[in-house]
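Using our numbering, count along the sequence shown one by one with no gaps and you end on 106.
Here's the structure we're looking at; comments come further down.
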Amino acid sequence: ADGFWSITVYNAEGYFTPNPADAYSVNSVTAKRGTDGSVTVQVGGCGGAGAGETNCLPLTPGWNYLVRLYRPRAEILDGTWVFPG
Numbered sequence: 022a023d024g025f026w027s028i029t030v031y032n033a034e035g036y037f038t039p040n041p042a043d044a045y046s047v048n049s050v051t052a053k054r055g056t057d058g059s060v061t062v063q064v065g066g067c068g069g070a071g072a073g074e075t076n077c078l079p080l081t082p083g084w085n086y087l088v089r090l091y092r093p094r095a096e097i098l099d100g101t102w103v104f105p106g
């Protein structure tokens with residue numbers, strides 16, 4: 022996406038669940054980047070419930086996530102780009 026992007030994790034009711042890392046979302050502004058400029062987001066499996074993990078989003082029972090892509094590129098719109106997973 023050429024604009025803003027975000028990945029946000031919610032609980033089964035669609036709300037944030039408090040966690041020790043106070044981490045609920047990673048986005049194009051707050052994400053910590055690798056030396057090559059890439060961003061890796063870890064969903065779940067955060068050590069110690071996520072406290073101190075880089076770009077790690079802790080999970081709760083019944084979790085779900087939402088990806089927002091603003092000003093998506095052509096490959097997103099035409100379906101040739103596939104969300105990594």
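Ideal Cβ positions, reconstructed from N, Cα and C, are used throughout, including at glycine.
Roughly how many whole angstroms lie between the Cα atoms of residue 51 and residue 25? 11 Å
Can you tell me the Cα-Cα spacing of residue 48 and residue 58, whole angstroms? 14 Å
Endpoints, the alpha helix (DSSP H) within which residue 80 is located: Looking at the DSSP string, residue 80 is not in any alpha helix (DSSP H), and its letter there is neither H nor E.
Segment contact flag, the segment 37 to 46 with the segment 95 to 105, C-beta cutoff 8 Å, min 3 pairs: The segment 37 to 46 is not in contact with the segment 95 to 105.
Please name the residue in 22, 27, 31 and 23 whose C-alpha comes closest to that of residue 81. 31
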